[in-house]
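In this note's numbering, the protein residues as written are 6 to 168.
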């Protein structure tokens, strides 16, 4: 009976132990320096945290309220969104380095045009794949016809793992 109690106590400690960076495995894209992971493996006991889609904040208070100019171009909106995500993660005692999955929705800035993937990447690479934050999530980028506000060009949702 004592042995069973010790085993159960040991299992409880093991299950309650925080996720270590060594248990999380990020697989880089083969033969590529593109700043995303090909895959991320999580241990079965990993605690996932899903953040709702985040949209940009106004960056130009002087611009007409609700206008695209008030929110900026794709790069400015990407930076705004990632700053908000970073702050929301910090509220949850997490950071951008804990992000394992990202889905990005981009709207073409011009009607009939294409999404500004370069502008998105210019903003994204300020936060991911840097010397300070080298961890790369798996990621999808999707062009959509529009978001809830016609002024928004970017919406991003992420999944983080609690270390």
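The C-beta atom is built at its ideal place from N, Cα and C for all residues, glycine as well.
Note that the structure is a prediction, hence the values are computed from the model and not measured.
Query                                                                                                             : Result
Close Cβ partners of residue 60 (< 6 Å) along its chain, the five nearest in sequence each way excluded           : 157 and 160
Residue 142 burial status per 10 Å Cβ neighbour count (16 or more: buried)                                        : buried
Of the listed residues 66, 139, 155 and 35, nearest to residue 104 (C-alpha basis)                                : 139
Residue closest to residue 92, alpha-carbon to alpha-carbon, out of 62, 35, 76 and 114                            : 62
Outcome for residue 86 when other beta-carbon atoms lying within 10 angstroms are tallied against a minimum of 16 : buried
Distance CB(residue 145)-CB(residue 120) smaller than 9 Å                                                         : no
Span of the alpha helix (DSSP H) around residue 94                                                                : 79-96
Rounded separation between residue 64 and residue 78 - CA only                                                    : 10 Å
Residue 126 (DSSP reduced to helix, strand or coil)                                                               : helix
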